[in-house]
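Working notes, structure below.
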Amino acid sequence: MRKPMMAGNWKMNKTIDEAVELATAIRDQVADEESVDRVLCPTFVCLPAVRAVLDGGSIGLGAQNMHWAESGAYTGEISPAMLEGLVEYVIIGHSERRQYFAETDETVNKKIKAALAHGLIPIVCVGESLEQNQAGETQSFVSGQVKAALAGLTGDQVQSLIIAYEPIWAIGTGLAATAKQAQEICGSVVRAAIAADFGQDVAENTRVLYGGSTKDKNIREIMQQPDIDGALIGGAALQPDNYSAMVRITAEVYG
Ligand code: 13P
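Here it is in structure tokens:
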């Protein structure tokens with residue numbers, strides 16, 4: 010049985026003081042919802058302060074990106090060694106990083122391997138653009154992204170990580186994929202691509218999240234889908250009441 014996850018990607022939002030306030034408000038509402046993995050992903054500069062808010066509890070912490078190298082002349086970058094011991098999770102290959110910061114399937118694959126080598130759990134993002142969607146290319150594109158991201162990993166490594174299917178057209182637009190559409194891609198494309206390369210058992214054990222305009226009002230139907238194990242949440246994760254409601258609804262659906 011795959012444990013559900015509600016992961017908040019705070020993106021480039023919140024100062025350190027604001028992040029502490031947000032994390033505290035969330036902690037106070039969902040500290041005891043242990044049937045759902047709750048993960049907060051603030052910006053790098055906020056990680057130590059949010060870590061202090063979460064210490065001693067069961068809410069996880071994640072970074073939004075990292076470099077693959079141990080250290081070196083990469084101005085402005087953060088290495089996996091710097092995140093080890095500070096966070097449990099790291100988002101890799103978010104579409105905004107692929108789009109604005111030239112990340113490729115190849116760099117995503119390197120980052121995943123580096124994260125795993127440091128005991129960090131990657132949350133690997135895939136998803137098609139509106140143009141690809143309209144051209145009927147969603148299945149082949151997303152399947153290709155999954156296979157390229159996971160190339161060279163072992164089955165054990167694959168089932169330890171998390172894939173987030175985030176159609177770009179649904180991110181920040183208020184136009185979430187329908188639960189049926191999201192189920193179709195998470196199941197027949199993402200999980201099928203894992204099964205093709207690593208076998209059915211690994212595919213069944215790997216958690217697949219949906220992301221893109223999720224909120225308290227639509228999360229129940231999304232979480233009722235058999236191949237969707239959680240959500241990677243943007244805007245609604247910045248609203249403590251909304252995020253906490255999503256966690257509680259997920260606990261109900263799985264209860
Ligand atoms: P929204 O929930 O704001 O659409 O963002 C989704 C996302 O990109 C999470 O990584």
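If you read the sequence shown in my numbering, its first letter stands for residue 10, the second for the next number, and so on. Every residue, glycine too, gets a C-beta built ideally from N, C-alpha and C. Note that the structure is predicted; figures quoted are calculated from it, not measured.
So, residue i versus residue j, is the Cβ gap smaller than 7 Å?
i, j, result
"Ala260", "Val45", "yes"
"Ala28", "Val59", "yes"
"Gly65", "Val48", "no"
"Tyr219", "Ile242", "no"
"Ala204", "Ala191", "no"
"Thr223", "Val167", "no"
Flag residue i as yes when its Cβ comes closer than 6 Å to any non-hydrogen atom of the ligand 13P, and as no otherwise.
i, result
"Leu218", "no"
"Gly17", "no"
"Leu241", "yes"
"Gly244", "yes"
"Ser149", "no"
"Gly69", "no"
"Glu137", "no"
"Ser253", "no"
"Ile180", "yes"
"Ser197", "no"
"Glu112", "no"
Residue i to residue j, Cα distance in whole Å?
i, j, result
"Tyr98", "Ile132", "7 Å"
"Gly81", "Ala72", "20 Å"
"Ala16", "Gly239", "8 Å"
"Ala32", "Ala254", "15 Å"
"Thr84", "Gln234", "43 Å"
"Asp26", "Pro51", "12 Å"
"Val117", "Arg229", "31 Å"
"Met232", "Asp250", "18 Å"
"Phe110", "Ala185", "24 Å"
"Gly244", "Ala61", "23 Å"
"Ser67", "Asp225", "22 Å"
Can you find the residues in the same chain that come closer than 7 Å, C-beta to C-beta, to residue i, ignoring five residues on each side of it along the sequence?
i, result
"Lys156", "Ala202 and Asp206"
"Thr147", "Glu137, Gln141 and Ile194"
"Ser88", "Met75, His76, Ala78, Glu79 and Ser80"
"Arg106", "Asn74 and Glu112"
"Phe150", "Glu137 and Gln141"
"Ala246", "Gly17, Asn18, Trp19 and Tyr252"
Within its chain, find whatever has a CB closer than 6 Å to the CB of residue i; leave out the 5 residues flanking it on each side and keep chain order.
i, result
"Glu5", "Here the chain covers residues 10 to 264 and nothing more, so residue 5 does not appear."
"Ile180", "Gly221"
"His9", "Here the chain covers residues 10 to 264 and nothing more, so residue 9 does not appear."
"Gly196", "Asp236"
"Lys120", "Trp77 and Ile101"
"His103", "Cys134"
"Ile172", "Val133, Val199 and Val217"
"Phe53", "Ile87"
Does residue i have its Cβ less than 7 Å from a Cβ in chain D?
i, result
"Pro89", "Given the protein chain composition of this structure (a single chain), no chain D is represented."
For residue i, which residues in the same chain have their Cβ closer than 8 Å to its Cβ, ignoring the five residues on either side in sequence?
i, result
"Gly164", "Phe207, Gly208, Asp210 and Val211"
"Lys23", "Leu31, Pro51, Thr52, Cys55 and Leu247"
Let me check you understand the geometry: is the CB of residue i closer than 6 Å to at least one non-hydrogen atom of the ligand ADP?
i, result
"Glu175", "As presented, the structure is devoid of the ligand ADP, carrying the ligand 13P as its sole ligands."
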